[in-house]
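Q: First, the structure itself, so that you have it in front of you.
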Amino acid sequence: MSRKAFTLIELLVVIAIIAILAAILFPVFAQAREQARKTNCLSNTKQIGLAAMMYAQDYDEILAETGYTGVCSRPGVCEFNDGAWSGVLSWPLAIIPYKKNFQILVCPSDSGRGGFNKTGALCYEAQLLAANVPGAYPGIKDVVNGMRSVLPLSYAGNYYLNSGYNGMGGCRIVPMASIQFPAQTFYLTDTGSKTLSDGTVGYGWYIAPGYDNGSLTGRWPQGQRHMGGRNWVFADGHAKYYRDPNPVNPDGTRKSQNQVICDYEQMGIYTYPQGRVVCP
Numbered sequence: 003m004s005r006k007a008f009t010l011i012e013l014l015v016v017i018a019i020i021a022i023l024a025a026i027l028f029p030v031f032a033q034a035r036e037q038a039r040k041t042n043c044l045s046n047t048k049q050i051g052l053a054a055m056m057y058a059q060d061y062d063e064i065l066a067e068t069g070y071t072g073v074c075s076r077p078g079v080c081e082f083n084d085g086a087w088s089g090v091l092s093w094p095l096a097i098i099p100y101k102k103n104f105q106i107l108v109c110p111s112d113s114g115r116g117g118f119n120k121t122g123a124l125c126y127e128a129q130l131l132a133a134n135v136p137g138a139y140p141g142i143k144d145v146v147n148g149m150r151s152v153l154p155l156s157y158a159g160n161y162y163l164n165s166g167y168n169g170m171g172g173c174r175i176v177p178m179a180s181i182q183f184p185a186q187t188f189y190l191t192d193t194g195s196k197t198l199s200d201g202t203v204g205y206g207w208y209i210a211p212g213y214d215n216g217s218l219t220g221r222w223p224q225g226q227r228h229m230g231g232r233n234w235v236f237a238d239g240h241a242k243y244y245r246d247p248n249p250v251n252p253d254g255t256r257k258s259q260n261q262v263i264c265d266y267e268q269m270g271i272y273t274y275p276q277g278r279v280v281c282p
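Put into structure tokens, the structure is as follows:
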């Protein structure tokens with residue numbers, strides 16, 4: 003009995019079926035891969051939260067500074083316009099001795115992987131957490147000579163929670179006992195950057211919705227790396243994933259300080275601009 007070969011129509015049907023299956027399965031595989039990365043990132047943030055709590059126990063119940071070191075004269079904290087610094091720790095360097103693993107500072111979904119350079123010319127430059135900001139500070143991917151002064155960083159701190167500069171020329175160092183809602187006040191989160199219409203590139207700080215940055219409006223956008231959301235480290239040390247409720251305007255800029263911004267109320271996440279709680 004003779005064997006029949008596939009007809010052209012049968013071959014096309016098989017190809018079409020394979021294409022349909024690929025179209026269905028590939029997004030599922032990609033989503034599963036991103037889910038694994040999100041879980042890995044959450045593990046990183048949990049480790050960061052634990053290290054932050056250990057640091058606070060050793061330093062008078064004060065979390066490592068996460069913004070400008072500013073105008074406060076705490077030991078080991080430089081002034082806003084001090085020259086090249088020595089021995090002053092930004093939060094990544096402050097907490098790493100408690101975990102001894104720099105990889106927890108890198109989100110596996112952060113393709114940009116910016117970094118911070120611990121040898122900034124000014125104090126505030128030393129504290130710039132230039133997460134995912136191309137060219138602002140060199141990241142590990144940009145370093146080819148093995149410089150040890152450059153470290154990768156995918157997370158940025160709550161500018162208001164524990165910063166030596168509160169955005170209004172004042173001091174903002176908050177002991178843990180003074181944080182009204184520690185389990186709902188974020189300490190660190192995934193962050194990104196945005197190139198603005200004037201060509202400037204955003205920094206890696208995370209500033210609460212409602213803060214009027216003036217000419218800097220929009221330079222601190224969120225980083226929705228994980229399927230429309232991100233992982234957060236809170237002031238009590240725990241970490242959790244939340245989807246973002248669209249905390250920015252459509253053009254990516256922040257809303258006016260004069261508006262009542264309660265985008266985060268539905269997530270139960272609070273910040274402390276100018277000493278008050280957003281969305282109490």
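Quick note on my numbering: the sequence shown kicks off at 3 and runs consecutively.
We put the CB at the ideal spot given by N, CA and C, even for glycine.
The structure displayed is predicted, hence computed values, not measured ones.
Per DSSP, which residues does Trp-234 bridge with? Please list them.
A: Thr-191 and Lys-242.
Q: Assuming contact is defined by CB atoms lying nearer than 9 Å, are Asp-238 and Met-56 in contact in what I supplied?
A: No, the Cβ-Cβ distance between Asp-238 and Met-56 is not below 9 Å.
Q: Which of helix, strand or coil does DSSP assign to Leu-158?
A: The question names Leu, yet the displayed sequence has Ala at residue 158. Strand, per DSSP.
Q: How about Ile-11: is its C-beta nearer than 9 Å to some C-beta of chain B?
A: Looking for chain B here will not work: only one protein chain is present.
Q: Since Ala-58 and Met-178 should fall inside the 8 Å C-beta cutoff, what is the C-beta to C-beta distance between them, to a whole number of angstroms?
A: Indeed, because the Cβ distance is near 6 Å, the residues count as touching under 8 Å.
Q: Determine the contact status of Ile-17 and Tyr-157, defining contact as a CB-CB distance below 9 Å.
A: No, these two residues do not count as a Cβ contact at 9 Å.
Q: Inspect the beta-carbon positions of Ala-34 and Tyr-100 and report whether they are closer than 9 Å.
A: Against a cut-off of 9 Å, the Cβ pair of Tyr-100 and Ala-34 comes out as no contact.
Q: Quick one: grab the DSSP three-state call for Lys-257.
A: Per-residue confidence for Lys-257 stands at a pLDDT of 44, beneath the threshold of 50, marking its modelled position as unreliable; no derived number is given.
Q: Going along the chain, which residues of its own chain have a beta-carbon closer than 8 Å to the beta-carbon of Ala-185, five neighbours each way excluded?
A: Only Phe-236, Ala-237, Asp-238 and His-240 meet the Cβ criterion.
Q: Are Arg-232 and Asp-192 closer than 9 Å when you measure CB to CB?
A: For Arg-232 and Asp-192, yes; Cβs fall inside 9 Å.
Q: From Trp-93 to Phe-28, what distance separates their C-alpha atoms?
A: Spanning the two alpha carbons is a distance of roughly 39 Å.
Q: Got a sec, what are the start and stop residues for the alpha helix (DSSP H) Lys-40 sits in?
A: 10 to 60 is the extent of the alpha helix (DSSP H) around Lys-40.
Q: Per the DSSP calculation, Ile-181 is bridged to which residue(s)?
A: DSSP output for Ile-181 lists no bridge partner at all.
Q: Just mark Asn-103 as buried or exposed, buried being the case when its beta carbon has 16 or more other beta carbons within 10 Å.
A: Counting Cβ neighbours within 10 Å, Asn-103 comes out exposed, since fewer than 16 surround it.
Q: CB-CB under 8 Å to His-228, same chain, minus the five flanking residues each way: which ones, in chain order?
A: The residues are Glu-36, Arg-39, Lys-40, Cys-43, Ser-111, Asp-192 and Tyr-243.
Q: Who are the near neighbours of Glu-63 in its chain, counting only those whose CB is closer than 8 Å to its CB and skipping five residues on each side?
A: Pro-177, Met-178 and Ala-179, listed in sequence order.
Q: Based on DSSP bridge pairs, tell me the residues matched to Ile-64.
A: Beta-bridge pairing links Ile-64 to Pro-177.
Q: Ile-19: buried (16+ other C-beta within 10 angstroms of its C-beta) or exposed?
A: Burial call: exposed.
Q: Go ahead and label Leu-10 buried or exposed: buried means 16 or more other beta carbons lie within 10 angstroms of its beta carbon, across all protein chains shown.
A: That one is exposed.
Q: Within 10 angstroms of its Cβ, does Ala-21 collect 16 or more other Cβ (buried), or is it exposed?
A: Per the 10 Å Cβ criterion, exposed.
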